[in-house]
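Residue numbers (the numbering used here), protein chains in the order written: chain A, 1244 to 1733; chain B, 6 to 406. Here's the structure, in structure tokens; my notes come after.
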């Protein structure tokens, strides 16, 4: 799905951007622009007119002002790891790459917050906090490379958000450059600023409301103990039942991840973990104060066995635990070992529907003749079916895309969502109508229009059809009769 | 005059921040809310919204109110799936009614604001209501997963969904949290639930200075204890600290014992029998009507905050959140100075309830919200987009929104 190229930008305009960020950080040669044609969703591509890589927020402000004056759409970008095409350019647009802005500005352990620039890598934050015994909770599987700015745009999740919540629960504030270049603080380290929760609107808005240049994050004290276990099951039915029993027992695990047979095969091939060939496996963490954890870990083990677990393995040490988790977190890439290509899907279902929906997915696999691997966050029902295909076989890519789309419709029918953490982006905008009515989407658009009335920021994302904002609405004016006291109101 | 759907008689409890409406509606379903709001739009009624009436003193005096829409008949739980730990309910369901329903399955909505028997979920969303548990579970913004909004023009719009994890579309539920009925009528909402803890124990420590409160909680954090709530109540010149632990029996016992060791090491004694009395005193402060202000600052600013509000009344401080309540009949003349100091430090002072009975605290003399916050221009735009005729609680919110 390659977009038609736009006319190149005028050299003098490029020079003006270069004057702001420096020649080296202003990319306009077509061969160099190719790197920025897509994010991790490589099937959607468009060539930007220009890529600029500012180093300071003052540079961002100047770049955005100039783009605004010139009517150039802006697409913000972090590391480009997004899986929904959220950072895919609009043909001829300005891509604003924030990866050079990677300072950790301030850490306040006593009050449990820190201020960082958007280009800081997610894992780098926890590494920086580790010597003091603190960490940043949201841990998307791409955390070794994804930026915090991208996390804010996508409201990223991760395995451990079952207990700890998503990016939106950990962002206390943000400094944002609005589409016209205005700089504004939304929220901050102190709780409860009066007024609307604009930072709540910002997180997860997929770069459509403004450019984040600083983020204030909540940081957490590391839990005293973490107990991990890996349990194998004959099939996903028993594994799903184990998840239900554990949750029903009042345990909130830090993470419960499920992998089906095909995912296990792929992970073994890619990472060399010595997992057995079984129908399904759960990887689970419980964490907290030690006595609490000893109790919940023992109870969860017991319930997994009661649900039909074949075997339960407990890592001997941190190294073995890390290996288990690396296996899980590398699952998407691992599938590349068993298939030339695959579509990564991201959908959510009510937890209680897991077994039923997995069977329906299996039926889709059978009907399409494609293999589907399942690896997902079982605790919150966030599925990641991977639809395997071979692009060399005519029609198979389209069939895989179609099958992945059918899975989303299953999710919506079961009362779930078309995306749990990867975002809508360019990829899923067409499915928004399956989940939301026109009135719902028009109402969301009111939020966008408050920030970006001219739709300059990341146009074409999230909404299924282009939406304009119309004129800025006027303030209510009373009828002349009413003003004069001739007519009342009521 | 067209017949009015669901029209009911106005009563004293419909008075919002001192303004009595001319008429009232009580729709009985989300669809009826749409009809009432569409009709109000045709008649260009300026509207307020009334749930359990526990926060009607919040905010500035509305410019005018032609009518209120009451949510008292929106009292149905629409969906509850215990296995998914998700509940969907109409806005007029009281928190206590919702808690009774989910308690049957060992679950709870993890918020604990005052007056649960009266406070409705719609009102709690609109006002951002909370209690001590917010330290562990976040506020209502962190627990809401979906919302049904009836817009000023009568359109019914939904945002979010009914699964815990969902990033499809903009986060309308969060935008509505704390919006005080200025963007439309919240008609229904979905929440994530948590398991009810097996055991809850509160450790009380008496006669602590502000500095000692901070030091004790820092020590608890260093020891990797995880209290569900930590509240400091001022008694005279000193504080009484209540730290609540929740969870499974063994885990709680262990945490309580370890916290006791930290308290002893600081030279103080623990009171394990004083929990109930402590929370009763806390409730008396946070639920005090008619006078209450809310202050926010960094948690380590407690000594400064305590000094600033010393003249204003009793003081309850959510020590890990950095939010506190002050109530009493103190000297309102101290408010502007306290507010200026808090705002200068990045915090705020909001007058949450005030009746005409208290000299100097009355409306008009002091803005309940304080100066317009950062991002106010966007807030104005948001209000204009949702309510272009400025009919939803006009003038009641921050900066006259």
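By construction, the Cβ of each residue, glycine as well, lies at the ideal position given by its N, Cα and C atoms. In this text, all values refer to a predicted model and were calculated from it rather than measured experimentally.
Can you find a C-beta in chain B that's less than 8 Å from the C-beta of residue i?
i: residue 1429 of chain A; result: yes
i: residue 1389 of chain A; result: no
i: residue 1286 of chain A; result: no
i: residue 1689 of chain A; result: yes
i: residue 1378 of chain A; result: no
i: residue 1397 of chain A; result: yes
i: residue 1311 of chain A; result: no
i: residue 1539 of chain A; result: yes
i: residue 1535 of chain A; result: yes
i: residue 1704 of chain A; result: no
Check whether the Cβ of residue i lies closer than 8 Å to any Cβ atom in chain A.
i: residue 244 of chain B; result: no
i: residue 161 of chain B; result: yes
i: residue 386 of chain B; result: yes
i: residue 203 of chain B; result: yes
i: residue 182 of chain B; result: yes
i: residue 12 of chain B; result: no
i: residue 230 of chain B; result: yes
i: residue 175 of chain B; result: yes
i: residue 383 of chain B; result: yes
i: residue 322 of chain B; result: no
Between residue i and residue j, how many whole angstroms is the CB-CB distance? I'm expecting something under 8 Å.
i: residue 1415 of chain A; j: residue 1372 of chain A; result: That belief does not hold up - the Cβ atoms of residue 1415 of chain A and residue 1372 of chain A are roughly 15 Å apart, past 8 Å.
i: residue 74 of chain B; j: residue 54 of chain B; result: 5 Å
i: residue 189 of chain B; j: residue 384 of chain B; result: Actually they do not touch by this definition, with Cβ atoms about 15 Å apart.
i: residue 1668 of chain A; j: residue 1328 of chain A; result: 4 Å
i: residue 172 of chain B; j: residue 1664 of chain A; result: 6 Å
i: residue 1614 of chain A; j: residue 1505 of chain A; result: 6 Å
i: residue 1422 of chain A; j: residue 1453 of chain A; result: 6 Å
Measuring alpha carbon to alpha carbon, tell me which of the options ends up nearest residue i.
i: residue 253 of chain B; options: B:205, B:92, B:333, B:183; result: B:205
i: residue 343 of chain B; options: B:323, B:378, B:324, B:302; result: B:302
i: residue 1345 of chain A; options: A:1378, A:1389, A:1384; result: A:1389
i: residue 96 of chain B; options: B:78, B:345, B:86, B:395; result: B:78
i: residue 1670 of chain A; options: A:1656, A:1681, A:1648, A:1657; result: A:1648
i: residue 345 of chain B; options: B:387, B:326, B:377; result: B:377
i: residue 145 of chain B; options: B:117, B:168, B:160, B:165; result: B:117
i: residue 168 of chain B; options: B:91, B:283, B:341; result: B:91
i: residue 112 of chain B; options: B:52, B:203, B:66; result: B:203
i: residue 158 of chain B; options: B:58, B:150, B:126, B:393; result: B:393
i: residue 1601 of chain A; options: A:1271, A:1519, A:1617; result: A:1617
i: residue 1287 of chain A; options: A:1664, A:1650, A:1644; result: A:1644
i: residue 1569 of chain A; options: A:1582, A:1536, A:1526; result: A:1526
i: residue 1417 of chain A; options: A:1424, A:1441, A:1437, A:1401; result: A:1441
i: residue 197 of chain B; options: B:89, B:22, B:321; result: B:89
Taking 8 Å as the cut-off, decide whether the C-beta atoms of residue i and residue j are in contact.
i: residue 1497 of chain A; j: residue 1429 of chain A; result: no
i: residue 1598 of chain A; j: residue 1546 of chain A; result: no
i: residue 1604 of chain A; j: residue 1637 of chain A; result: no
i: residue 176 of chain B; j: residue 1411 of chain A; result: yes
i: residue 84 of chain B; j: residue 99 of chain B; result: no
i: residue 33 of chain B; j: residue 13 of chain B; result: no
i: residue 381 of chain B; j: residue 404 of chain B; result: yes
i: residue 192 of chain B; j: residue 148 of chain B; result: no
i: residue 304 of chain B; j: residue 327 of chain B; result: yes
i: residue 1587 of chain A; j: residue 1575 of chain A; result: yes
i: residue 1347 of chain A; j: residue 1365 of chain A; result: no
i: residue 1295 of chain A; j: residue 1420 of chain A; result: no
i: residue 1293 of chain A; j: residue 1319 of chain A; result: no
i: residue 1507 of chain A; j: residue 1521 of chain A; result: yes
i: residue 213 of chain B; j: residue 244 of chain B; result: yes
i: residue 180 of chain B; j: residue 1444 of chain A; result: yes
Leaving out five residues on either side along the sequence, give the residues of the same chain with a beta carbon under 7 Å from the beta carbon of residue i.
i: residue 1558 of chain A; result: 1471, 1564, 1567
i: residue 1687 of chain A; result: none
i: residue 1248 of chain A; result: 1290, 1334
i: residue 391 of chain B; result: 156, 157, 188, 189
Counting only beta-carbon atoms, is residue i nearer than 8 Å to chain C?
i: residue 1694 of chain A; result: The chain labelled as chain C is not found among the protein chains of the depicted structure, namely A and B.
Excluding the 5 residues preceding and the 5 following residue i in the sequence, name in chain order all residues of the same chain whose CB lies nearer than 6 Å to its CB.
i: residue 1722 of chain A; result: Below a pLDDT of 50, predicted positions are generally treated as unreliable, and residue 1722 of chain A, at 40, falls in that range; no measurement from the model is reported.
i: residue 1480 of chain A; result: 1598
i: residue 1712 of chain A; result: 1692, 1696
Might you give, ordered along the chain, the residues of its own chain that have their beta carbon closer than 8 Å to the beta carbon of residue i, omitting 5 neighbours on each side?
i: residue 364 of chain B; result: Residue placement at residue 364 of chain B is poorly supported in this model, since its pLDDT is 43, which falls under 50; the coordinates still yield a value, given next. These residues qualify, in order along the chain: 337.
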